[in-house]
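Numbering (the numbering used here), first residue to last: 985 to 1634.
Backbone N, C-alpha and C define an ideal beta-carbon position, used for all residues, glycine too.
Computed from a prediction, not measured in an experiment: that's the story for all the values here.
These notes concern the structure reproduced below.
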């Protein structure tokens, strides 16, 4: 293997613990680079950074206009050296993997990592990084067009990958025509292992015999078979074919999905941006099933749902949802984007016009991110569509070269479009979109994948003039990346309402996966951050006081045990012990039944028991998380009849 650096760099970054308040913490402190000008602008650096390929440079088929909707990228540190790398899908050539060299440039390592001709015979489209087997390295999932299966590449930990989708049940294999779009990872069943949702957009005429459409939910089998999957789409209640209007000539229309806990009940929900008025929000019931809550929640009104992003744009502590959709002035059927403001109690309000973000033209990928580190979420959207070689003679349909859209948040959730002002000037047929800190200077950079052209890498110059913090999680009972965790920064505990919350995710914005971190802009904060709190997917809560700014802080999930009676295994006796102590306040963290460290015995401690049930637990050591049994789930649901305190209440 060519990457002999892998094991050494992996060990120093991830495997050297520093004990702080009995919690393993790793910190990679990055020097803060402050530019001479306070203005924040973006500069196209693709050439100097070594991004040298194009996407869809040669393929043109008037009978297959769908290829014009392709072009994906995913950001993730595949080699564990601490620098985020880039993977690009390509419709007409081999996919490309760029390794971040840590000096502002990337190196094409596709052949040395995957072998020559990597997926050259596959029309690839969507990609997502995620550690499906919890072995602390990133695996890769790739969808494709005009195929009958998808691909899963398992990271061997030494710089190489093995394609294993079929034997692991992740191929979504069938004889029908597949038109795969954005895949996404998330732990919907809270067992500590990443599950997978795959989207697909296709016409019924593409479907070669009317087989079931391929928007699928694949459950990770967990500790019994890490990184192996089973299709639970129908059983979980998230089949999209049941909601498609019968008068349309479409079989499936999903573009983008995201696992996200929109109701703050501890269970990741499933938000899907889908074309032709079929976007859906499925509430997680906590028992392996979902309920379609689209209508009652007040979402799904977007006519042509394509891209998607989730975040707390108005700073009220809950997560909102933005969906891109086509806007053409005067056309009532193309009435633009939707911003769904979370009002609590599983309801949303349409805040699109109040926020000023309706007109995104032909918007595709979109992402909320704090570009200037002032503490609020700004919004960027890839744009454009090219039908020039598919339009009939004399048609006015052609290349819609609307430039990329960028809206700056004024701090109250009202936006002003100013893409050209900040240097975001791309006018290509933008599709996939990624935000990430590729140069580790504390501000977020932007990557846009252009269909039929080269991608554009915009380096953020000036965002780090304000104070910042990046939190990078490493799970133990949760998935290894801490996917689904809520991270809250309280800069000053004496000031009410200054808290900032971010969710760590492995989702897609539409053919684009951003870096799976929690990034915080902190404005002109002086001194340290009073408190950083993490609500882990396992239910544990960890808190870190007096945290220095200007660093990438890698935090490990507390390794506590639910072996309440200390007999060496986690069983029903421990559940009864938890029940006896429920509601007690402990004198110190991690004592007296407080196994999530929040100084009381509550539902978080019960969730510890759930994910560890049936495990032999050496005290103080990490454990293998088992798949919850039906008895486990039943006891958990019974105990949840005692009202659970939500993260916001804590």
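- Taken in chain order, the whole alpha helix (DSSP H) runs of length 4 or more contained in the region 1152-1232 are 1217-1220.
- When C-alpha distances from residue 1468 are compared across 1458, 1477, 1474, the shortest belongs to 1458.
- Using a Cβ distance threshold of 8 Å, residue 1363 and residue 1388 do not count as a contacting pair.
- Only buried fits residue 1240, as 16 or more other CB atoms lie within 10 angstroms of its CB.
- Annotated three-state conformation of residue 1338 is helix, per DSSP.
- In the structure shown, the three-state DSSP call for residue 1533 is coil.
- A Cβ-Cβ distance of about 6 Å is found for the pair residue 1303 and residue 1487, placing them in contact under the 8 Å criterion.
- For residue 1429, the closest C-alpha among the options 1102, 1402, 1068, 1056 is that of 1068.
- About 6 Å separates the Cβ atoms of residue 1463 and residue 1176, confirming a contact at the 8 Å cut-off.
- In this structure, the beta-carbon distance from residue 1111 to residue 1073 falls below 8 Å.
- Setting aside the 5 residues that flank it on each side, residue 1116 is surrounded in the same chain by 1123, 1178, 1211, each with a C-beta closer than 6 Å to its C-beta; the list follows chain order.
- At the C-beta level, residue 1054 and residue 1415 come within 8 Å of one another.
- Around residue 1569, the same chain offers 1584 as residues with beta carbons nearer than 6 Å, after the five sequence neighbours per side are excluded.
- Around residue 1040, the same chain offers 1075, 1076, 1435, 1436 as residues with beta carbons nearer than 6 Å, after the five sequence neighbours per side are excluded.
- The Cβ atoms of residue 1285 and residue 1322 sit closer than 8 Å to each other.
- Take the alpha-carbon of residue 1037 and the one of residue 1478: they are about 51 Å apart.
- Counting C-beta atoms within 10 angstroms of its own C-beta, residue 1316 has fewer than 16 neighbours from the protein chains shown and is therefore classed as exposed.
- With respect to the 8 Å criterion, residue 1359 and residue 1534 are not classified as neighbours on the basis of their beta carbons.
- Residues of the same chain with a CB within less than 8 Å of the CB of residue 1512, apart from the 5 flanking positions on each side, are 1530, 1531, 1532, 1533 in chain order.
- For residue 1030, the enclosing alpha helix (DSSP H) covers residues 1030-1033.
- Residue 1329 sits away from residue 1347, with the two beta carbons spaced by 8 Å or more.
- In the displayed model, residue 1098 falls within a helix according to three-state DSSP.
- In this structure, residue 1291 sits near residue 1257, with a CB-CB distance shorter than 8 Å.
- Under the three-state reduction of DSSP output, residue 1565 falls in the helix class.
- Looking at the backbone, the Cα of residue 1101 and that of residue 1095 are separated by about 7 Å.
- Burial is judged here by how many other beta carbons sit within 10 angstroms of a residue's own beta carbon; residue 1202 has at least 16 and is buried.
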